[in-house]
Amino acid sequence: MTDSKIDYVLDEQVARAAFLFQSRRQQQYLGRSLPLTLLQWLMGGALGGLVLIAALAGHGALAASFGVLLLFYLSLLAYRHLMCVLLGRKLAAAAGACSLSLSPEGLGSRSAIGEARYPWSQVREVSQQPGWLAICLGPQGLVLALPERALGDAGQRQALLDALAEGMALGRQQAVSAAEHVEASGSRSGDSGSPPAAAPAEAAPQAEAPAARSSLPGDLLQLGRILCLRAPRPGTLMPDPLRLLLPVLCFALLTLGLQVLSQGLQGELVGYDASQLLSPFAAVALVTALVLLVGGGRREGGRLGLALVLLMMLLPLAQGWNQELAMAVIESLGLEGEEGPGMVLLILIYYLPQCWLILAGSRVIWLLAGETRLRRWAAAGVGFLALTSVFWMHLEAPTLWYAQDPEAQARPRLRIDEGVLYGQPRLLERHLAGVKPGVPGVPEVFFLGVGGYGEQDVFLREVRSVEQLFAERYATAGHSLVLVNNQATIHELPTANEESLRRALARLGEQMNGEEDLLFLFLTSHGSREHRFSLSFWPFSFTDITPAMLRRALDDAGIQRRVVVVSACYSGGFIPALADVRTLVISASAADRNSFGCSDGNDFTDFGRAYFDQALRQTRSFSEAFGLAASQVAAWEQADGLKASLPQMRGGAALEAQLLALAREEPAAVPELPPAAAPEPVYRRIAEILAPAPEERRYREICLEGLGESSPQRLLARDPGYFNGLEQDPEHWPRYLAAWENYAGDYCQSVGDPALIREQLARAWQRTLPAGQAASLAQWLESSQGQEFRRFYRGALVEEYRLLWAHSVDVQRRGEARMGQVLQDIRAAYAAREAAAAREGKAAAR
Numbered sequence: 035m036t037d038s039k040i041d042y043v044l045d046e047q048v049a050r051a052a053f054l055f056q057s058r059r060q061q062q063y064l065g066r067s068l069p070l071t072l073l074q075w076l077m078g079g080a081l082g083g084l085v086l087i088a089a090l091a092g093h094g095a096l097a098a099s100f101g102v103l104l105l106f107y108l109s110l111l112a113y114r115h116l117m118c119v120l121l122g123r124k125l126a127a128a129a130g131a132c133s134l135s136l137s138p139e140g141l142g143s144r145s146a147i148g149e150a151r152y153p154w155s156q157v158r159e160v161s162q163q164p165g166w167l168a169i170c171l172g173p174q175g176l177v178l179a180l181p182e183r184a185l186g187d188a189g190q191r192q193a194l195l196d197a198l199a200e201g202m203a204l205g206r207q208q209a210v211s212a213a214e215h216v217e218a219s220g221s222r223s224g225d226s227g228s229p230p231a232a233a234p235a236e237a238a239p240q241a242e243a244p245a246a247r248s249s250l251p252g253d254l255l256q257l258g259r260i261l262c263l264r265a266p267r268p269g270t271l272m273p274d275p276l277r278l279l280l281p282v283l284c285f286a287l288l289t290l291g292l293q294v295l296s297q298g299l300q301g302e303l304v305g306y307d308a309s310q311l312l313s314p315f316a317a318v319a320l321v322t323a324l325v326l327l328v329g330g331g332r333r334e335g336g337r338l339g340l341a342l343v344l345l346m347m348l349l350p351l352a353q354g355w356n357q358e359l360a361m362a363v364i365e366s367l368g369l370e371g372e373e374g375p376g377m378v379l380l381i382l383i384y385y386l387p388q389c390w391l392i393l394a395g396s397r398v399i400w401l402l403a404g405e406t407r408l409r410r411w412a413a414a415g416v417g418f419l420a421l422t423s424v425f426w427m428h429l430e431a432p433t434l435w436y437a438q439d440p441e442a443q444a445r446p447r448l449r450i451d452e453g454v455l456y457g458q459p460r461l462l463e464r465h466l467a468g469v470k471p472g473v474p475g476v477p478e479v480f481f482l483g484v485g486g487y488g489e490q491d492v493f494l495r496e497v498r499s500v501e502q503l504f505a506e507r508y509a510t511a512g513h514s515l516v517l518v519n520n521q522a523t524i525h526e527l528p529t530a531n532e533e534s535l536r537r538a539l540a541r542l543g544e545q546m547n548g549e550e551d552l553l554f555l556f557l558t559s560h561g562s563r564e565h566r567f568s569l570s571f572w573p574f575s576f577t578d579i580t581p582a583m584l585r586r587a588l589d590d591a592g593i594q595r596r597v598v599v600v601s602a603c604y605s606g607g608f609i610p611a612l613a614d615v616r617t618l619v620i621s622a623s624a625a626d627r628n629s630f631g632c633s634d635g636n637d638f639t640d641f642g643r644a645y646f647d648q649a650l651r652q653t654r655s656f657s658e659a660f661g662l663a664a665s666q667v668a669a670w671e672q673a674d675g676l677k678a679s680l681p682q683m684r685g686g687a688a689l690e691a692q693l694l695a696l697a698r699e700e701p702a703a704v705p706e707l708p709p710a711a712a713p714e715p716v717y718r719r720i721a722e723i724l725a726p727a728p729e730e731r732r733y734r735e736i737c738l739e740g741l742g743e744s745s746p747q748r749l750l751a752r753d754p755g756y757f758n759g760l761e762q763d764p765e766h767w768p769r770y771l772a773a774w775e776n777y778a779g780d781y782c783q784s785v786g787d788p789a790l791i792r793e794q795l796a797r798a799w800q801r802t803l804p805a806g807q808a809a810s811l812a813q814w815l816e817s818s819q820g821q822e823f824r825r826f827y828r829g830a831l832v833e834e835y836r837l838l839w840a841h842s843v844d845v846q847r848r849g850e851a852r853m854g855q856v857l858q859d860i861r862a863a864y865a866a867r868e869a870a871a872a873r874e875g876k877a878a879a880r
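Numbering (our numbering), first residue to last: 35 to 880.
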């Protein structure tokens, strides 16, 4: 090609026509079409609606976050529109004297707005327009306008068109050579295994320059285009080992950072799930291979793989949305438990980030993985299904950071040592052996309590309180078992899991008289929409309880008459599987509703407080108590603006006579305070403020430490002959030790009973504080100024308890020392007497 130059005058009419033509090309370049325009308006409206909903629901931080996203989105649209206008007006301003030069390196343009040079690789096409010739440049859609009169005669016109065609062919050859050169340098081998064709000398620098400038920030810019459903720019996303590794590292850092931000700095790194960091990217490699197999286009396989890897890098943000923000939006919309269209909207909100990432991934697959239009659509369809599977398998982020919640900081971390590993089976056996058989001819109540979720103490407190209530009201002492997941009781009580539950039910079934006795089964924990009762207890991996599994366990145990109370979210889902004529089932909520009150500082959940702590203290009838509790729970939820949990009760028709007789029985006589001495509500309120969640575990530990001074092991250590050889008996010595441990545990549980502590505290305040000052004290204790006093007061209660036990132990030791000395003197005197008698006997014999 020889150098040539054309001078011409661009009039305003051709300039305006070129402006309109260029605007249409720019819109095509920017991806504007009717479906995408509607999608843009839909996205803007959705973001605006979320801002309004969050603001009306009182979630200021959430509204601000959505507001920032909306402003960013609108700024992108405004920038795109401004780009179209400015680029178009730039051409319109070029009217006047102009020139166009052609050379082997490319096109040169000079006009009133300046000079510019374009390599032949940017010349996309030459288009004949009415009265002028359009030279279209890419990829932005720029247009150089050449009036017809500047083309001269037919020979000159044809010569120009031939020169442009020759230059465009040269540009295509340069582009192919550059791509092969970059691919060969990046992958060290071509697709076919043969050396790449040599690139022209002048093209080599142009091919290497983009690769040299390519970096992670540049890849992130292309990721932004992909998220906007745009194609990545040519010459970008060239894969190499480092650029594939960096997104994986960013994924790990982003996952860790979000977990630290969510849980706080007071935590620790955990490596149990570290291997899962590679799982999404291994899945992406399989997806890439699959869509290339379907669609072809292997030349773009590396770019496609890197694009999908970059998309997967954003997975932690989607997982964080699911775990932190989605439910807040759903609750603000009042969509919990919705069905039909409401359920569809709920699902779309919850999985919105994953849906968008799947859409963006399918779009980039359609753009890069297909040699024909039909194969493009096939690859995009297969990619859509494969990406959906990948995101579904990675809904939860791998755990890299573990931090206890602030309310649980005081609890020690559970350590699985030999005592836990071998002690739990012995604990279960001991507690099962402690269940006494029912008395024939006497209808009795047997109790089994299950506290499932091990990371909150509220379920431990609740199940223990209910066990104590049944011992007092229904005489279940000796007929009671408790299974609890809690690190504070790991050495005291059997854990709650499928195996221990089956064995506990089987043991109760053995000891019950089938047609006379009644089982009351109480389960409290968190529940899921799939109607799974949580037995989560880190680091154990216990299987959650399902309705079918619980029904099988009850049937296998042969227990014929049973009352089952399930206190958990969505617990109504247990009713269809369990309720029948011989089984009365009570649930804290409907099958599609949440229940409330499971904060770690509570002594009861809301339903547990209404049903057990209030209603069953007023009546012995299980069904009457349910009516009272359901009304109370509804009143609390209405006052707090919560969606009604709708407690449920069904079944038990064959139990009506027995339950009626049980409700009519007079409870055992319990000494009560004289009416004048009973604590008034204001004093009870003071006691609840000062001791809302008594540190029952610490009281119990202090008590057990004190009683330990009188344990068989301590007595034997101080006096090896104390038990006269009983410790050598392999049959009776273990029974004696088990009896001592049961006694010590029951005694320390009773003296550390939360209800007893609060009752005595209320009576003490009533005796020492005039009624006129009690209300003011309660108000001050609830203020911010009283918080520090409450903290020190609770610590003082525990310290007082410890000092009293220490004093008791000291007195006991001194008393035992004196008694031991007396015993030694008696033994010495007895031995002397025996020796004297022996000597006298020998003398008489002689």
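We treat Cβ as the ideally placed atom computed from N, Cα and C, and that holds for glycine.
Using the C-alpha atoms, what's the distance from isoleucine 860 back to alanine 872?
-> Note on geometry: alpha-carbon atoms of alanine 872 and isoleucine 860 lie some 18 Å from one another.
Who are the near neighbours of alanine 235 in its chain, counting only those whose CB is closer than 7 Å to its CB and skipping five residues on each side?
-> With a pLDDT of 36 at alanine 235, under the threshold of 50, the predicted position of this residue should be treated as unreliable, though the coordinate-derived value follows. Non-local beta-carbon contacts of alanine 235 in its own chain, meaning distances under 7 Å to residues more than five positions away in sequence, are absent.
From the DSSP output, read off the bridge partner residues of methionine 683.
-> Bridge pairing for methionine 683: Ile620 [DSSP].
Does the distance from the CB of proline 350 to the CB of threonine 289 come in under 8 Å?
-> Contact flag set, yes.
Beta-ladder partner(s) of arginine 643, from DSSP = DSSP lists no bridge partner for arginine 643.
Close beta carbons around arginine 748, own chain, < 8 Å, minus the five adjacent residues each side | Cβ-Cβ distances below 8 Å link arginine 748 to Gly742 in the same chain, with the five nearest sequence neighbours on each side left out; the list follows chain order.
Those residues which DSSP pairs with proline 181 across a bridge = Answer is Trp166, bridged to proline 181.
Exposed or buried, what is tyrosine 113 when buried is set at 16 or more other beta-carbons lying within 10 Å of its beta-carbon?
-> Counting Cβ neighbours within 10 Å, tyrosine 113 comes out exposed, since fewer than 16 surround it.
In the DSSP assignment, find the unbroken alpha helix (DSSP H) run with proline 314 in it and report its ends.
-> Looking at the DSSP string, the run of the alpha helix (DSSP H) that includes proline 314 is 313-329.
Relative to the alpha-carbon of alanine 882, which residue among Val177, Pro474, Glu739 has its alpha-carbon at the smallest distance?
-> In the structure as shown, the chain begins at 35 and stops at 880. Residue 882 is therefore absent and cannot be evaluated.
Helix, strand or coil at tyrosine 508 according to DSSP, with G and I counted as helix | Reduced to three states, the DSSP call for tyrosine 508 is coil.
If phenylalanine 554 sits next to valine 615, beta carbons under 8 Å apart, how far is it from one beta carbon to the other, in whole angstroms?
-> Between phenylalanine 554 and valine 615 the beta-carbon gap is near 17 Å, outside 8 Å, which marks them as no contact.
Does DSSP put proline 153 in a helix, a strand or coil?
-> In this structure, DSSP gives proline 153 an extended state, which the three-state scheme calls strand.
Got a sec? Which residues, its chain only, sit under 6 Å from valine 469 by beta carbon, not counting five neighbours each side?
-> Taking C-beta separations shorter than 6 Å and ignoring five residues to either side along the sequence, the partners of valine 469 in its chain run Arg541, Gln545, following chain order.
Take alanine 412 and list the residues in its own chain whose beta-carbon comes closer than 8 Å to its own, dropping the five residues that flank it on each side.
-> Excluding positions up to five away in sequence, the list reads Val328, Gly329, Gly404.
Relative to the C-alpha of cysteine 737, which residue among Asp780, Ser57, Leu111, Leu178 is closest?
-> When only C-alpha atoms are compared, the closest one is Asp780.
Between tryptophan 774 and the rest of its own chain, which residues show a CB-CB distance below 8 Å, the 5 nearest in sequence each way excluded?
-> The beta carbon of tryptophan 774 sits closer than 8 Å to those of Ser745, Pro746, all from its chain and outside the five residues before and after it, given in chain order.
Exposed or buried, serine 665, counting other C-beta atoms within 10 Å across all chains shown (16 or more means buried)?
-> Counting Cβ neighbours within 10 Å, serine 665 comes out exposed, since fewer than 16 surround it.
Name the DSSP bridge partner or partners of methionine 596?
-> The amino acid occupying residue 596 in the given sequence is arginine; methionine does not appear at that position. For arginine 596, the pairing in a beta bridge is given by DSSP as Leu553, Thr617.
How many angstroms separate the CA atom of leucine 326 from the CA atom of arginine 397?
-> Approximately 14 Å, taken between the alpha carbons.
From the DSSP output, read off the bridge partner residues of tyrosine 42.
-> Bridge partners of tyrosine 42: Cys132.
At least 3 beta-carbon pairs within less than 8 Å: the segment 501-513 vs the segment 592-610 | Flag = no, the segment 501-513 and the segment 592-610 do not touch.
Please report the Cβ distance between asparagine 531 and proline 474, rounded to the nearest whole angstrom; I am assuming they are in contact, meaning their Cβ atoms lie under 8 Å.
-> The C-beta distance from asparagine 531 to proline 474 rounds to 33 Å, too long to fall under 8 Å, and the pair is not in contact.
Just tell me which of Leu650, Glu714, Cys782, Phe630 has its CA closest to the CA of tryptophan 799.
-> Comparing Cα positions, the closest option is Glu714.
Can you list, in chain order, the residues of its chain whose CB lies under 7 Å from that of asparagine 520, leaving out five sequence neighbours each side?
-> Same-chain partners within the cutoff: Gly485, Gly488, Asp491, Leu494.
Identity of the residue in Leu694, Ala505, Leu276, Thr639 nearest tryptophan 670 by Cα = In terms of Cα proximity to tryptophan 670, the closest of Leu694, Ala505, Leu276, Thr639 is Thr639.
So, helix, strand or coil for glutamate 793, using DSSP?
-> In the structure shown, glutamate 793 adopts helical secondary structure according to DSSP, grouped into three states.
Select from Val667, Asp753, Thr433, His115 the residue whose C-alpha is nearest the C-alpha of leucine 287.
-> Nearest to leucine 287 by C-alpha distance, out of Val667, Asp753, Thr433, His115, is Thr433.
Please classify phenylalanine 106: is it buried, with 16 or more other beta-carbons within 10 angstroms of its beta-carbon, or exposed?
-> Exposed, because fewer than 16 other Cβ atoms sit within 10 Å of the Cβ of phenylalanine 106.
Beta-carbon spacing of leucine 171, valine 157 below 8 Å = Taking the C-beta atoms as reference points, valine 157 is found nearer than 8 Å to leucine 171.
Just how far apart, CA to CA, sit alanine 414 and tyrosine 384?
-> Approximately 24 Å, taken between the alpha carbons.
Other residues of its chain near alanine 203: CB distance less than 7 Å, five sequence neighbours each side excluded | The beta carbon of alanine 203 sits closer than 7 Å to no other beta carbon from its chain once the five residues preceding and following it are set aside.
Just curious, the alpha helix (DSSP H) that valine 476 is in, first and last residue?
-> For valine 476, no alpha helix (DSSP H) segment is defined, and its DSSP state is neither H nor E.
Which residue from Ile620, Pro610, Tyr604, Pro581 puts its Cα closest to that of phenylalanine 556?
-> Of the candidates Ile620, Pro610, Tyr604, Pro581, the one whose C-alpha sits nearest the C-alpha of phenylalanine 556 is Ile620.
Do you know how far the Cα of glycine 83 is from the Cα of leucine 195?
-> When rounded, the distance between both Cα atoms is 54 Å.
Taking the CB atoms as reference points, tell me whether arginine 537 and leucine 461 lie closer together than 8 Å.
-> Leucine 461 is positioned such that its CB atom lies no closer than 8 Å to that of arginine 537.
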